[in-house]
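Under numbering that gives the first Met the number 0, the first residue of the sequence shown carries the number 0, and numbering increases by one thereafter.
Heads up, the beta-carbon is just placed ideally off N, CA and C, and yes, glycines get one too.
Take a look at the structure set out below.
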Amino acid sequence: MNITYNPFREEDYKENSKHVDIEYFLPDGSQVKLKTEHLEAPEILFTPQKIGLEYSGIPEMLINSVMKCDIDLRATIFSNLIITGGTTVLKKFSERLHKSITKLAPKDVKIKLLAPKNRDISSWVGGATLASLKAFGDLWVTKEEYKEKGPNVFKEYM
0 MNITYNPFRE EDYKENSKHV DIEYFLPDGS QVKLKTEHLE APEILFTPQK IGLEYSGIPE
60 MLINSVMKCD IDLRATIFSN LIITGGTTVL KKFSERLHKS ITKLAPKDVK IKLLAPKNRD
120 ISSWVGGATL ASLKAFGDLW VTKEEYKEKG PNVFKEYM
């Protein structure tokens, strides 16, 4: 899969579209051929409106989240954005996200994206690390507690 650097520049789209008929082999042995779908599908992450969803794209959600933080922390956060998850390993994802965020962020802030090598599993690694800490044990909800109190058990931790 690939992400267009600038989906609004027709030359970028045409350049990336030259590689038509990309073949993917699925675990069951079947084969799927893609033409421009490999560009169009990831584009939904940035502009979900293209398929009729009334949601913000990743860049807008990121900007909105940072802007809800204390004003004194925003510059530090913008200069230390860590991207994780399997989707972030798509070709040109980081470049596209950086460009989109830069357009939306306050003009005086420096945007820096950090993309760890193991970012496709780093969320899992972080969760596993957190769960292994002794102090975290006090925050666990046991199966018995959940059966007794239901979803309301989580309100005790808020």
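Checklist entry - Near Ala74, which residues of its chain fall below 6 angstroms by C-beta distance, leaving aside the five closest residues on each side in sequence? => result Val108
Checklist entry - Quick one, are the C-beta atoms of Phe45 and Pro26 less than 9 angstroms apart? => result no
Next on the checklist: Mapping the DSSP letters down to three states, classify Phe45 as helix, strand or coil.
Outcome noted: coil
Next on the checklist: Going by the DSSP bridge assignment, what does Leu132 pair with across the sheet?
Outcome noted: Looking at the DSSP assignment, Leu132 forms no beta bridge with any residue, so it has no partner.
Next on the checklist: Run through the DSSP bridge pairs and tell me what Leu113 is partnered with.
Outcome noted: Ile81
Checklist entry - Who are the near neighbours of Ile81 in its chain, counting only those whose CB is closer than 6 angstroms to its CB and skipping five residues on each side? => result Leu113
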